[in-house]
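Working notes for the structure below.
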Amino acid sequence: MIEKAKSIALVVLVGLSLIQSYFLMYSPPTLGATVSSDQDYVNTEPMGTELSVENVVFPDRLVLHFGGDEHTVLYPGTSFYDMILKERIQGREFKDFRRTSADLLNWDAIRQNAIGVELRYDVGVPVELLQKLLKLKGDTLFFGDTVDRIWIFKMQNTEQVRTFFFSADGQAVYESVQADLTVRDVQDYVNFGKYQTRYRITDDGLYVPVKPIRSVQVKYAYETFAPELMRRNLFFDPGTTRAVEGRNGSQIYTDGKRGLQVQQGGTWISYTDPAAPQSGQNVLSDNFYAAVEFVNQHGGWDGSYRFSELANGADGTVVRFQQYMESYPVLASSAAPYGYLQLSLQQGAVTEYNRSLITLSDKADERATRWLPGGDELAAALDAYDKRAEVQSLYPAFQAVLQEGRKIAFVPVWAVRLKDGTQQMLMEAYPAGYTPPETENTQPDDAGQDSDGEDGEDGGDAAGETGGETADAANAPAETPGATDSPEGVPGAAVDPGEAEVSLHGLG
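First residue of the sequence shown? That's 1 in UniProt numbering, and the numbers climb one at a time after it.
Below, the structure written as structure tokens:
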């Protein structure tokens with residue numbers, strides 16, 4: 001009887017053991033009390049849209065060469081720029097690259113005599129990133145280089161089309177000996193610029209329009225994102241952060257490692273994370289991808305941006321994205337902290353992040369036509385510039401100016417970029433209401449309707465906010481199928497589509 005009781009007890013104990021083992025293996029842990037907190041995990045809140053790499057890697061200008069030493073320049077967001085780049089070049093293949101010396105050909109003679117198009121970048125672009133924009137097939141030598149210019153042209157007195165990618169160090173060029181391009185393609189490119197303002201070239205390769213070009217001055221109301229929003233976006237656990245006041249009156253958030261400084265009256269932030277890796281090799285393209293993703297995850301992009309700096313330095317990789325207002329870049333200043341995002345990275349980890357907290361209203365409050373000087377007047381201002389020997393490029397831009405009542409004006413200017421990457425204003429546009437004598441009979445850009453279909457200011461001299469680009473050739477064939485004065489290869493394009501051909505909406 002006793003033995004039988006022992007057997008029963010043993011069976012019960014084994015059964016209980018098996019049951020306990022089952023619960024230990026397959027049940028969620030419940031040891032201790034768990035208290036959930038709103039600060040255990042914080043979802044980031046967007047301040048703008050997300051952008052992909054191809055949205056921020058594009059040429060800062062296209063230069064069209066007509067032969068006979070005639071040239072014109074097209075800027076991002078304009079109709080013909082988009083039609084050449086997005087519809088005519090991005091879909092073509094470039095492969096079988098052959099590396100040669102940069103002095104292979106007489107480039108000055110080609111620029112003067114051959115017809116073609118140049119895609120120009122103001123900074124070197126790793127070829128790996130160019131793959132996001134163009135269909136490229138090459139070897140490791142080519143993909144390990146950076147490029148700042150692509151030149152497609154038809155050789156004079158021949159039917160041969162050649163395509164060259166110029167290394168940013170100026171030492172080498174890569175020719176795509178199997179580019180998917182024809183003579184007809186090149187002729188179409190240059191025909192898009194047939195009625196655009198001509199540019200002449202200075203001795204050091206700067207392009208100066210032979211007469212004034214039309215731009216526009218716009219004014220927007222603005223608001224600022226709350227610093228608290230950035231704090232929640234940048235700190236995983238905002239509950240561990242504390243706020244202190246800086247010496248200059250700025251507000252600083254810190255969790256003991258990372259820091260977020262709010263400056264310029266709440267319009268600018270500087271974020272630092274010194275705990276990120278500080279040594280090892282920095283790969284430009286890897287850090288670039290990481291920078292784009294970081295902005296996407298921590299606030300987003302409140303407008304159109306193009307990367308304007310990508311370089312390895314002593315403290316890591318610096319990546320800067322310049323903001324665009326309509327078709328021109330925005331020049332930032334200490335008085336108006338607006339116009340760019342800048343990050344520093346170490347091996348893909350962000351150590352610094354600087355950006356504006358200003359966000360513009362959806363529609364401009366004011367809009368007025370302004371003319372930018374050209375010809376001898378612009379050339380004289382360039383020659384008189386005290387850092388003339390350091391100028392690498394000349395281009396139209398907007399100077400951001402903060403005004404009372406939470407307004408920000410974008411004033412058209414001529415700007416220069418120096419060898420060290422610095423951008424400065426060269427000269428401002430003519431006063432509003434002034435029309436240069438040599439442009440008085442120029443056909444206006446377009447009907448000047450805004451996004452609501454109403455006439456824009458100044459009687460519609462400025463194109464509308466819906467992208468009222470000059471004589472939108474994409475729609476012209478259906479609207480004017482029999483246009484007799486169309487540029488060759490551009491059916492239905494209107495005659496004299498205007499001087500500036502500026503798109504007055506974001507690049508998107």
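Quick reminder that beta carbons are idealized off the backbone N, C-alpha and C, glycines included.
Collapsed DSSP secondary structure at residue i in the structure displayed
i	result
LEU62	strand
GLN171	coil
ALA429	coil
GLY205	coil
ARG149	strand
PHE97	strand
VAL210	coil
THR163	strand
GLU245	strand
THR240	helix
LYS254	As written in the sequence, residue 254 is Thr, which differs from the Lys given in the question. Here THR254 sits in strand by DSSP.
THR49	strand
ASP472	Any reading at ASP472 needs caution, since the residue's pLDDT is 37, under 50, leaving its predicted position unreliable; the model's value is listed next. Three-state result, ASP472: coil.
Limits of the unbroken alpha helix (DSSP H) element including residue i
i	result
MET230	227-234
GLU352	Element bounds for GLU352: not the alpha helix (DSSP H) but the beta strand (DSSP E), 349-356.
TYR189	183-191
ALA109	107-113
THR140	140-143
Residue(s) in a DSSP beta bridge with residue i
i	result
LEU402	ILE408
TRP414	PRO396, MET427
GLU223	THR359
GLN323	TYR305
GLN178	LYS95
SER334	DSSP lists no partner for SER334.
GLU118	VAL63, TRP151
GLN217	ALA368
LYS137	LYS95
TYR434	BP columns for TYR434 are empty, so no partner.
ARG200	VAL208
For residue i, the first and last residue of its enclosing beta strand (DSSP E)
i	result
THR369	366-372
LEU382	Careful: LEU382 lies outside any beta strand (DSSP E), inside the alpha helix (DSSP H) at 375-384.
GLU128	No beta strand (DSSP E) holds GLU128; the alpha helix (DSSP H) holding it covers 127-130.
VAL56	From DSSP, VAL56 is part of no beta strand (DSSP E) but of the alpha helix (DSSP H) over 53-56.
ARG388	Premise fails: ARG388 is in no beta strand (DSSP E) and is neither H nor E.
LEU133	Counting along the chain, LEU133 falls outside any beta strand (DSSP E), and DSSP gives it neither H nor E.
GLN346	340-346
PRO329	328-331
Cβ-Cβ separation, residue j to residue i (assumed contact under 8 Å), whole Å
i	j	result
GLY68	ASP302	So it is not a contact: roughly 44 Å between Cβ atoms.
PRO412	ALA429	4 Å
VAL318	SER285	In fact, because the Cβ distance is near 14 Å, the residues do not count as touching under 8 Å.
GLY316	GLN346	4 Å
ARG111	ARG61	That belief does not hold up - the Cβ atoms of ARG111 and ARG61 are roughly 15 Å apart, past 8 Å.
residue 583	THR351	An answer regarding residue 583 cannot be provided, because it is not within the stretch 1 to 508 covered by the chain.
LEU372	SER215	5 Å
ASN364	LYS219	In the sequence as presented, Asn is not what sits at residue 364; that position holds Ala. At roughly 6 Å, the Cβ-Cβ gap stays under 8 Å, so ALA364 and LYS219 are in contact.
PRO329	ALA397	5 Å
GLU118	ILE89	No, GLU118 and ILE89 are not in contact; Cβ-Cβ is about 11 Å, not under 8 Å.
ASP122	ARG417	6 Å
LEU74	GLY193	7 Å
VAL53	VAL292	6 Å
Unbroken stretches of the beta strand (DSSP E), 3 residues or longer, contained in the stretch 259-317:
Counting only runs of 3 or more residues that sit fully inside the stretch 259-317, the beta strand (DSSP E) segments are 259-263, 268-272, 304-313, in chain order.
In chain order, what are the residue ranges of uninterrupted alpha helix (DSSP H) at least 4 long that sit wholly in the stretch 61-94?
Counting only runs of 4 or more, we get 79-82.
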